[in-house]
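K.L.:
Quick one: the structure is below, questions incoming.
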Amino acid sequence: MFLNSVVLILQEILEAALLFSVLLVFSKRCNIKPLWVIAGVGLGAMGALLFALNMAQISEWFDYVGQEVVNALIQLTLLLVLGLLAFQLSTRTTSPTTFRDTAHFSHDSSSDLKNSLKIMVSMMLAVSLAITREGSEIFIYIGGVINQPLHVQPTLAGSGIGAGIGISAGVLIYYGLLGLPAKKITQSNLLLLALVGGNMAAQATLLLTQADWLPYSKVLWDSSTPLPENSVVGHLLYALIGYEATPSLFQFVSYLSGVSLILLCWLLGKLIDAPAPSLSTPSTTVKINH
Amino acid sequence: MRSKLRKIKTAALSLVLFGSYVFAATPVIELKIQDHLFFPEVIEIPANTKVKLLVNNLDPTAEEFESYELNREKVISGNRKAVIFIGPLSPGEYPFFGEFYPKTARGKILVVEP
Numbered sequence: 002m003f004l005n006s007v008v009l010i011l012q013e014i015l016e017a018a019l020l021f022s023v024l025l026v027f028s029k030r031c032n033i034k035p036l037w038v039i040a041g042v043g044l045g046a047m048g049a050l051l052f053a054l055n056m057a058q059i060s061e062w063f064d065y066v067g068q069e070v071v072n073a074l075i076q077l078t079l080l081l082v083l084g085l086l087a088f089q090l091s092t093r094t095t096s097p098t099t100f101r102d103t104a105h106f107s108h109d110s111s112s113d114l115k116n117s118l119k120i121m122v123s124m125m126l127a128v129s130l131a132i133t134r135e136g137s138e139i140f141i142y143i144g145g146v147i148n149q150p151l152h153v154q155p156t157l158a159g160s161g162i163g164a165g166i167g168i169s170a171g172v173l174i175y176y177g178l179l180g181l182p183a184k185k186i187t188q189s190n191l192l193l194l195a196l197v198g199g200n201m202a203a204q205a206t207l208l209l210t211q212a213d214w215l216p217y218s219k220v221l222w223d224s225s226t227p228l229p230e231n232s233v234v235g236h237l238l239y240a241l242i243g244y245e246a247t248p249s250l251f252q253f254v255s256y257l258s259g260v261s262l263i264l265l266c267w268l269l270g271k272l273i274d275a276p277a278p279s280l281s282t283p284s285t286t287v288k289i290n291h
Numbered sequence: 316m317r318s319k320l321r322k323i324k325t326a327a328l329s330l331v332l333f334g335s336y337v338f339a340a341t342p343v344i345e346l347k348i349q350d351h352l353f354f355p356e357v358i359e360i361p362a363n364t365k366v367k368l369l370v371n372n373l374d375p376t377a378e379e380f381e382s383y384e385l386n387r388e389k390v391i392s393g394n395r396k397a398v399i400f401i402g403p404l405s406p407g408e409y410p411f412f413g414e415f416y417p418k419t420a421r422g423k424i425l426v427v428e429p
């Protein structure tokens with residue numbers, strides 16, 4: 002019971018921890034107060050509890066595939082929020098002051114404040130959606146065990162340790178990212194955000210296939226022999242980049258679409274926000290952006 | 316005009332036939348969870364056929380059906396039923412387990428050539 006709880010909780014927490022760290026790094030880089038963390042965690046915990054309490058009913062919707070449909074909807078909404086965030090953040094990081102010298106960045110102008118607020122709301126939404134999805138499973142698991150006196154102690158201890166490892170991994174990613182050379186931070190962070198987006202899209206597709214709402218598509222490859230999904234590395238890669246040993250064509254296409262969507266939203270923000278320069282010097286604009 | 320109508324009729328009929336074919340072609344396999352065990356432990360299904368797994372959890376506690384080989388994961392609340400679509404699969408062994416009670420809740424799907 003003990004080891005099982007460690008693995009189970011760690012799996013759920015890792016995915017959310019990655020998103021959390023990436024958003025915290027963006028938040029710090031753009032000098033946005035991390036108030037969204039508290040609101041996001043609170044809302045997410047409430048969402049997860051509500052989802053867990055109503056799981057039995059929800060599962061019976063749509064001819065017993067309600068769970069898949071609702072989860073896919075959460076993943077797709079999260080993908081859209083991440084796209085919006087990429088757009089908002091790219092306009093924010095274009096501002097030369099933000100990049101060169103964050104300390105001097107001020108919230109004096111009302112448009113900056115408005116912009117910060119919008120980003121905070123998006124970050125709060127993203128975190129709460131991620132926690133709703135992952136947290137509901139934790140609540141259901143612990144809720145079931147709590148009625149079995151023999152299992153309570155090892156489960157809670159295991160869950161605590163699993164959560165501890167997951168959160169530590171998040172902290173490591175956070176400081177790892179911040180430790181990169183300044184230019185690389187935003188690039189790596191954006192890439193990770195895009196991978197989370199791809200993961201969400203692929204998971205939504207898998208869920209809808211499981212519900213028979215999407216047709217079957219052929220398995221593209223089988224990498225279960227060199228790297229099984231239930232190995233330690235497999236678990237880690239699953240949580241971080243959505244690794245599947247036997248992905249289907251639709252899953253793969255969805256993954257790429259999710260990644261592209263985030264990157265395109267970022268590029269769109271850059272294009273819109275680029276200071277209208279004379280058309281003859283596009284290269285200068287690019288330089289400022291980086 | 317007449318031939319157009321006939322074409323539409325033919326199209327509608329083939330759609331209905333195709334629909335019923337697809338519907339009829341999805342066999343339902345029942346799986347029970349009791350005392351954190353799966354019954355039956357081994358399920359045999361034909362290759363290259365989509366199958367509807369109807370899982371009936373008779374335990375008061377929730378279980379999570381999970382299989383890496385099948386790429387399936389689903390929470391099944393206590394004393395409730397759930398549907399999981401699997402396949403079409405190529406012949407082979409596809410183990411599954413209950414993620415909440417993995418020590419006891421284990422089983423596998425045997426996919427065989429019809």
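In the order they appear, the protein sequences are chains L and G.
Just so you know, the first sequence maps onto residues 2 to 291 in the numbering used here.
Just so you know, the second sequence maps onto residues 316 to 429 in the numbering used here.
A virtual CB, placed ideally from N, CA and C, is assigned to each residue, including glycine.
Spatial neighbours of L:ALA246 within its chain, please: C-beta separation below 6 Å, excluding the five flanking residues on both sides.
P.N.:
Result list for L:ALA246: SER224, SER225, GLU230, in chain order.
K.L.:
Pull up the distance between the alpha-carbon of G:ARG421 and that of L:LEU118, whole angstroms please.
P.N.:
Straight-line Cα distance between these residues: approximately 49 Å.
K.L.:
Let me know the secondary structure DSSP gives L:LYS185 once reduced to three states.
P.N.:
L:LYS185: helix per DSSP, three-state reduction.
K.L.:
Beta-carbon of L:GLY145 versus every beta-carbon of chain G: anything under 7 Å?
P.N.:
Judged by the 7 Å Cβ criterion, L:GLY145 is in contact with chain G.
K.L.:
Using the Cα positions of G:GLN349 and G:GLY402, report the straight-line distance between them to the nearest angstrom.
P.N.:
Going by the C-alpha atoms only, they are around 25 Å apart.
K.L.:
Do G:VAL343 and G:LYS365 count as a contact pair if the criterion is CB distance below 7 Å?
P.N.:
No. Outside cutoff.
K.L.:
Please return the same chain residues whose Cβ sits closer than 6 Å to the Cβ of L:SER22, not counting the five positions on each side in sequence.
P.N.:
Here the set comprises GLY171, ILE174, TYR175.
K.L.:
Cβ atoms of L:LEU77 and L:ALA205: under 7 Å apart, would you say?
P.N.:
For L:ALA205 and L:LEU77, yes; Cβs fall inside 7 Å.
K.L.:
For a contact meaning CB atoms closer than 7 Å, what does G:ALA397 contact in chain L?
P.N.:
Those within 7 Å of G:ALA397 in chain L are SER60, TYR65.
K.L.:
I want to verify the contact list: residues of chain L whose CB lies under 8 Å from the CB of G:THR364, in sequence order.
P.N.:
Going along chain L, no residue has its Cβ under 8 Å from G:THR364, so there is no contact; the nearest lies around 10 Å.
K.L.:
Contact check, L:VAL6 vs L:PRO155 under 8 Å by CB: the rounded distance?
P.N.:
Looking at the sequence shown, residue 6 of chain L is not Val but Ser. That belief holds up - the Cβ atoms of L:SER6 and L:PRO155 are roughly 7 Å apart, short of 8 Å.
K.L.:
Run down chain G in chain order and give the residues with a C-beta less than 7 Å from the C-beta of L:ILE141.
P.N.:
Those within 7 Å of L:ILE141 in chain G are ALA377, VAL390.
K.L.:
What is the DSSP secondary structure of G:ALA377, reduced to helix, strand or coil?
P.N.:
Coil at G:ALA377, not helix or strand.
K.L.:
With distances taken from CA atoms, which of G:GLU414, G:PRO429, G:ILE424 is nearest G:LEU346?
P.N.:
Taking only the C-alpha atoms, the option nearest G:LEU346 is G:ILE424.
K.L.:
Whose Cβ in chain L lies nearer than 9 Å to the Cβ of G:ALA387?
P.N.:
Checking the sequence, you will find Arg at residue 387 of chain G rather than Ala. LEU207, GLN211, listed in chain order.
K.L.:
In this structure, what does DSSP give as the bridge partners for L:SER249?
P.N.:
For L:SER249, which the question treats as bridged, DSSP gives the partners L:VAL220.
K.L.:
Step through the CB atoms of chain G and report whether any lies within less than 7 Å of the CB of L:TYR176.
P.N.:
By this cut-off, L:TYR176 is not an interface position.
K.L.:
Is the beta carbon of L:GLY163 closer than 7 Å to that of L:ILE10?
P.N.:
Yes.
K.L.:
From G:ASN386 to L:GLY243, what distance separates their C-alpha atoms?
P.N.:
The straight-line gap from Cα to Cα measures roughly 12 Å.
K.L.:
How many angstroms separate the CA atom of L:GLY67 from the CA atom of L:TRP267?
P.N.:
In a straight line, the C-alpha of L:GLY67 is about 33 Å away from that of L:TRP267.
K.L.:
Going by the beta-carbon positions, is the gap between L:LEU20 and L:ALA183 smaller than 7 Å?
P.N.:
No.
K.L.:
With a cut-off of 7 Å, does the C-beta of G:PHE415 fall near any C-beta of chain L?
P.N.:
Chain L contact via Cβ: present.
K.L.:
Can you tell me where the alpha helix (DSSP H) holding L:ARG134 begins and where it ends?
P.N.:
Run containing L:ARG134: 111 to 146, per the alpha helix (DSSP H) assignment.
K.L.:
Kindly list the residues whose CB is nearer than 8 Å to the CB of G:VAL398, restricted to its own chain and excluding five residues on each side of it in sequence; keep chain order.
P.N.:
Contacts found: LYS367, LEU368, LEU369, VAL370.
K.L.:
Round the Cβ separation of L:GLU135 and L:GLU16 to the nearest angstrom and send it over; I've been treating them as touching at under 8 Å.
P.N.:
Going by Cβ atoms, the distance from L:GLU135 to L:GLU16 rounds to 6 Å, so yes, they are a contact pair.
K.L.:
Could you check which residue in L:LYS185, L:TYR256, L:LEU151 has the C-alpha nearest to that of L:VAL197?
P.N.:
The shortest Cα separation from L:VAL197 among L:LYS185, L:TYR256, L:LEU151 belongs to L:TYR256.
K.L.:
Measuring CB to CB, does G:PHE415 end up less than 7 Å from G:GLU381?
P.N.:
The answer is no: Cβ separation not under 7 Å.
K.L.:
To the nearest angstrom, how far is the alpha carbon of L:ASP102 from that of L:SER28?
P.N.:
Annotation note: pLDDT 45 at L:ASP102 (below 50); position unreliable, coordinate value reported separately. Distance between the alpha carbons of L:ASP102 and L:SER28: 15 Å.
K.L.:
In terms of residue numbering, what span does the beta strand (DSSP E) encompassing L:ASN5 cover?
P.N.:
No beta strand (DSSP E) contains L:ASN5, which is instead part of the alpha helix (DSSP H) from 3 to 30.
K.L.:
Per DSSP, what are the beta-bridge partners of G:PHE353 in this structure?
P.N.:
The partner list for G:PHE353 (beta bridge, DSSP) reads G:ILE348.
K.L.:
Given a threshold of 16 other Cβ atoms within 10 Å of its Cβ, counted over all protein chains shown, does G:THR419 qualify as buried or as exposed?
P.N.:
That one is exposed.
K.L.:
Is it right to say G:ASP374 is buried, meaning 16 or more other beta carbons lie within 10 angstroms of its own, or is it exposed?
P.N.:
It is buried - the Cβ of G:ASP374 has at least 16 other Cβ atoms within 10 Å.
K.L.:
Could you give the distance in angstroms between the alpha-carbon of L:VAL128 and the alpha-carbon of G:PRO361?
P.N.:
Answer to the nearest angstrom: the Cα atoms are 43 Å apart.
K.L.:
Quick check: is the beta carbon of G:PHE411 nearer than 7 Å to any beta carbon in chain L?
P.N.:
Closer than 7 Å: no.
K.L.:
Hey, does L:ASN200 have any beta-carbon neighbour from chain G nearer than 7 Å?
P.N.:
Answer no: the Cβ-Cβ gap between L:ASN200 and chain G never drops below 7 Å.
K.L.:
For L:ASN200, name the three-state secondary structure that DSSP assigns.
P.N.:
In the structure shown, L:ASN200 sits in a helix (DSSP, three-state: H, G or I).
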